[in-house]
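To keep things clear, I will list the structure first and then write my remarks on it.
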Amino acid sequence: MTPPPSLVRRSVGYLLLSQLVAYLVGWAVPIILGVLEIGQYSMSFDELASFRANMLIQSSLVRDADGVVRIDPEPKLAEEMRRNPRFKFAAFDFATGTPISGSSPELVAPLAKIIDISSEHAHFVLPGDPRSPALGFMETRWTRYGKMHLAHYCLQVRPIDVLLQSVANFEWVWSYVAAALVTSTAAAWIAVRQGLKPLRATVSEAAQIDMDSLGPRLATTAVPIEIMPLVDAVNEALSRLAAGVARQRLFTANAAHELRTPLAIMRARLENARETALNNALLVDAGRLRSIVEQMLIAARVAEGQVSLEQQVDLCEATREIVTNMLPLAMDCDRFIEFEASDTPVIVRGNRRAIESVVANLLDNALRAEPRDGAVILTVDADAIVSVIDHGEGVALEDRDAIFEPFWRKSETTPGSGLGLAIARELMDKLQGRIWVEDTPGGGATFRLSLPKAR
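Numbering (our numbering), first residue to last: 786 to 1240.
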């Protein structure tokens, strides 16, 4: 997967590119102004040939058998002389000012006085030529035979001279350019990182928002104006989401509350009716519906923060009461419930109704899975772990995560709505506990609940 682009790297990259472009523009603009003779700028395109001219002169310097340095035009210098008859060149010893043998006589005499004052760089025009722009150039260079003044006159520019002169100029300013690039890169990096600091704070705030905390909004006090529209859009989306979730939860709570009364009436009528197999089956179904409705109602109230999750609950007492209430129903279905818990209270932190609804759902599921004349075992240990053990078909390994998803059923023929375990897991998450399933030795499923113990 390709990593997302970095705004910091992109900003620094653009800054470096802009500085390089600015350097090139800053180098080109004076040349253009000079060629056009605008303002105080005055130059000729031929000035760009200075670097190449000095290279030709230096490569033509030789020392003869007597140890005397002279200019012996190498092929490229000779070619320039043939191509441009007005081209002149000269070299002078820096220490003594003595002209080097082979220099053009037309340059030696006029430049002698300039050399006497040790000029490092000079533009000049020979007598008889227009005074502007300058056609001759002299500068000090180190050669393989020592430091010398190198001069040339009327060398015509070639396209390659633009590149050569750019390289030469960069050799003079590279340290300044490098220092500027390093400094500006560091400054840009720090500036962008600091500029994004409010955005990182906003990201941290957004990470704290979930379905249980849709009320808070992202702070806008320190947000840069550039990302303010994004933060405002996120806050508006959160408002719409919170309103939708509130409507959904209200509907669920109202529906669960409205269903309690008719279910209670139906159960009462079934209990008072003549005992038959059909009545017993309907009574079981009514009990299951009541359990699901109770779970939906408590889940909605927990989600809305209408009930406390910090109650001190005796886990043994709560589960014993559930077993007592469900035992007659289990016996009517030819099943039994075995309850195992210590006499010492196991105090957990949570909400009693929520815990009871989860345990009741697991116990109801276990009774349905338990074979006829079998016994479901419910245990509570000192570590606040409730185990509901049946001896039915069990839960396949590949289904152990899916069974906690809403509306999941093994097949279309499987009885039930697929809501009970999904609501149970939701409630356990709210209670900061865990719910999971294991194999029962010898066959069956063992559902376990782990709840936080009270301090």
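A virtual CB, placed ideally from N, CA and C, is assigned to each residue, including glycine.
>> With DSSP as the reference, identify every bridge partner of V1108, one or two as the case may be.
In response: Position 323 of the sequence shown, counting from 1, holds the residue named residue 1108. Per DSSP, none; premise fails for V1108.
> Are P1237 and R1153 closer than 8 Å when you measure CB to CB?
Replying inline: Stepping through the sequence shown from its first residue, residue 1237 is reached at position 452. Stepping through the sequence shown from its first residue, residue 1153 is reached at position 368. With respect to the 8 Å criterion, P1237 and R1153 are not classified as neighbours on the basis of their beta carbons.
> Ends of the beta strand (DSSP E) at S1248?
Replying inline: The requested residue 1248 is not part of the displayed model; the chain covers only 786 to 1240.
> At a cut of 8 Å, does the segment 1220 to 1229 reach the segment 1087 to 1101 through at least three beta carbon pairs?
Replying inline: Too few Cβ pairs lie closer than 8 Å, so no.
> When the Cα atoms are used, what is the spatial distance from A1004 to E990?
Replying inline: Here residue 1004 corresponds to residue number 219 of the sequence shown, with the count starting at 1. Here residue 990 corresponds to residue number 205 of the sequence shown, with the count starting at 1. The alpha-carbon atoms of A1004 and E990 are separated by roughly 8 Å.
>> On the DSSP letters alone, give me the boundaries of the alpha helix (DSSP H) that D1214 sits inside.
In response: Start at 1 with the first residue of the sequence shown, and residue 1214 comes out as number 429. Where D1214 is concerned, the enclosing alpha helix (DSSP H) stretches over 1205 to 1215.
>> Measuring CB atoms only, is the segment 1149 to 1163 touching the segment 1122 to 1134, in the sense that at least three cross pairs come out at less than 8 Å?
In response: yes
>> Does the contact criterion of 3 or more C-beta pairs under 8 Å hold for the segment 1077 to 1088 versus the segment 1136 to 1152?
In response: yes
> What first and last residue would you give for the alpha helix (DSSP H) that runs through L1152?
Replying inline: Against the sequence shown, residue 1152 aligns to sequence position 367. 1137 to 1154 is the span of the alpha helix (DSSP H), which, as asked, contains L1152.
>> If I follow the unbroken alpha helix (DSSP H) through P868, where does it start and stop?
In response: On the sequence shown, residue 868 is found 83 positions in, with the first residue counted as 1. Just to set this straight, residue 868 is Arg in the shown sequence, not Pro. Segment 860 to 868, the alpha helix (DSSP H) holding R868.
> For E1223, which of helix, strand or coil comes out of DSSP?
Replying inline: Taking the first residue of the sequence shown as position 1, residue 1223 is located at position 438. The three-state secondary structure of E1223, taken from DSSP, is strand.
>> How far does the beta strand (DSSP E) with F874 in it extend, from its first residue to its last?
In response: If you number the sequence shown from 1, residue 874 lands on position 89. Here the beta strand (DSSP E) through F874 covers 873 to 878.
> Roughly how many angstroms separate the alpha carbons of R1120 and E1178, rounded to a whole number?
Replying inline: Residue mapping note: residue 1120 aligns to position 335 of the sequence shown, counting from 1. Residue mapping note: residue 1178 aligns to position 393 of the sequence shown, counting from 1. About 16 Å.
> Thinking just about the alpha-carbon of each residue, which of Q1096, I1132, S845, L805 is nearest to the one in S888?
Replying inline: Along the sequence shown, one-based indexing puts residue 888 at 103. Per the Cα distances, S845.
>> So for D1099, helix, strand or coil by DSSP?
In response: Indexing the sequence shown from 1 puts residue 1099 at position 314. Strand.
>> When you compare the CB positions of F877 and H937, do they come within less than 8 Å of one another, or not?
In response: Residue mapping note: residue 877 aligns to position 92 of the sequence shown, counting from 1. Residue mapping note: residue 937 aligns to position 152 of the sequence shown, counting from 1. Contact: no.
> Under a Cβ-count criterion, where at least 16 other Cβ atoms within 10 Å of its own Cβ denotes burial, should P1245 be classed as buried or exposed?
Replying inline: Residue 1245 cannot be examined here, being either before or after the span of the chain that is shown, 786 to 1240.
> Could you give the residue range of the beta strand (DSSP E) that holds S1172?
Replying inline: What you label residue 1172 is simply residue 387 of the sequence shown in a count that begins at 1. In the DSSP assignment, S1172 falls within the unbroken beta strand (DSSP E) covering 1170 to 1174.
> Which stretch, first to last residue, makes up the beta strand (DSSP E) that contains V1092?
Replying inline: On the sequence shown, position 307 is the one that residue 1092 refers to. Per DSSP, V1092 lies in no beta strand (DSSP E) segment and is marked neither H nor E.
> In the segment 893 to 933, which residue ranges form an unbroken beta strand (DSSP E) of at least 3 residues, counting only runs that do not cross its ends?
Replying inline: With a minimum length of 3 residues, the continuous beta strand (DSSP E) runs that stay inside the segment 893 to 933 are 906 to 909, 921 to 928.
>> Taking the straight line between their C-alpha atoms, what separation do you get for V893 and A875?
In response: The residue given as residue 893 occupies position 108 in the sequence shown. The residue given as residue 875 occupies position 90 in the sequence shown. About 7 Å.
> Quick one: Cα of M923 to Cα of A838, how far?
Replying inline: Walking along the sequence shown from the start, residue 923 turns up at place 138. Walking along the sequence shown from the start, residue 838 turns up at place 53. Going from the Cα of M923 to the Cα of A838 covers about 10 Å.
> Going straight from the alpha carbon of T1209 to that of S1093, what length do you get?
Replying inline: Sequence index remark: in the sequence shown, residue 1209 carries index 424 (1-based). Sequence index remark: in the sequence shown, residue 1093 carries index 308 (1-based). Correcting the residue type first, residue 1209 is Ala in the shown sequence and not Thr. Distance between the alpha carbons of A1209 and S1093 is about 17 Å.
>> Short of 6 Å in beta carbon distance, which residues of its chain neighbour A907, apart from the five on each side in sequence? Order them along the chain.
In response: Locating residue 907 in the sequence shown gives position 122, where the first residue counts as 1. Closer than 6 Å at the Cβ level, and outside the excluded window around A907, lie I899, M923.
> How about Q843 and R926: are their beta carbons less than 8 Å apart?
Replying inline: Looking up residue 843 in the sequence shown gives position 58. Looking up residue 926 in the sequence shown gives position 141. Contact flag set, yes.
> Whose C-alpha, out of R868, A1207, I1174, A1239, is nearest the C-alpha of D1186?
Replying inline: Taking the first residue of the sequence shown as 1, we reach residue 1186 at position 401. The shortest Cα separation from D1186 among R868, A1207, I1174, A1239 belongs to A1207.
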